[in-house]
Amino acid sequence: MITKVISKNGLILAAFAGVCVGLIAVTYFITRDTINNEMRAALARTLDQLVPASAYDNDVHHDCTLIPVGSSLGNSSPLEVYRMRKEQSPVALVMETIAPNGYSGKISLVVGIYNDGTLAGVRATDHKETPGLGDKIDVKKSDWILGFEGLSLNNPPLEQWKVKKDGGVFDAFTGATITPRAVIEQVSQTLLYFEEHREELFQSPTNCGEGDVAENAGAKS
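The sequence shown begins at 1 in full-length UniProt numbering and counts up by one.
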């Protein structure tokens, strides 16, 4: 009798588990397109904030390459690079990069760089910095991050890419130096990477982009 009860309960649990798996699968397929569309829209908004759509004529969402793990940027997962072109000539790149040493951990950034090495702009896309202090890197909280626009490795010179407290030219936040220091350091490293790999970044075959948005986002570390 006990064996029969256990067997019956086991079958019920197995059936319940099967139904749950089925519901999860159905939910995934129903919501997958919505999630992808939302992520594409968010990406498009960020790209447009950094490089105006009038500056290029290619389909930037399908013109993407990956910076491999272990690059000089210190990335532990591939980083996406979106290429902007006008009549097939390079205009700008928008690169993912991650500052590893924020006050509360990693700070995910996107950095727009024109072909001449001038910054189109920088945005923080994900962070856990302290509200009211380090979170001023968020453009919704402060215009501090807008100060990168138009700068390059020559303006200011590389040795001055530091907060003023460290002998550089960049303002820090009152009561929060670690966060801006981390962002400034990573932006300068990203500019250096661009200078060293400019041709490769523009010429590498497309191996990421719109079709891989959701999958790649889930793999970020």
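From the three backbone atoms N, C-alpha and C, an ideal C-beta is built for every residue, glycine too.
Backbone secondary structure at residue i - three-state DSSP
i    : result
D166 : helix
P157 : strand
Y82  : strand
S108 : strand
V5   : The pLDDT assigned to V5 is 47, lower than 50, so where the model puts this residue is not dependable, and the model offers no usable value.
G150 : coil
G74  : coil
G102 : strand
Beta-ladder partner(s) of residue i, from DSSP
i    : result
P90  : R85
V122 : V111
I67  : L79
A176 : F173
E96  : V110
Residues of its chain near residue i, where Cβ-Cβ distance is below 6 Å and the 5 sequence neighbours each way are ignored
i    : result
F194 : I113
L50  : V94, G112, A120, G121
S104 : K128, E129
D135 : E129, K141
Q203 : none
Own chain partners of residue i with C-beta closer than 7 Å, once the 5 adjacent residues on each side are dropped
i    : result
F148 : L119, G121, V122, V187
G150 : T118, L119
Chain-order list of residues whose beta-carbon lies under 8 Å from that of residue i (same chain, five-residue window excluded)
i    : result
P205 : T65
I137 : I107, A124, H127, E129, W144, I145, T179, P180, V183
Any non-hydrogen atom of the ligand ADP within 8 Å of residue i CB
i    : result
S188 : Questions concerning the ligand ADP fall outside what the structure shown contains, since it holds no ligand whatsoever.
Check your understanding: Using 8 Å as the Cβ pair cut-off and three pairs as the minimum, do the stretch 116-125 and the stretch 174-193 touch?
Key -> yes
Check your understanding: Is the number of C-beta pairs between the stretch 165-183 and the stretch 73-91 that are closer than 8 Å three or more?
Key -> no
Exercise for review: Report yes or no: do three or more beta-carbon pairs, one from the stretch 154-165 and one from the stretch 69-76, lie closer than 8 Å?
Suggested key: no
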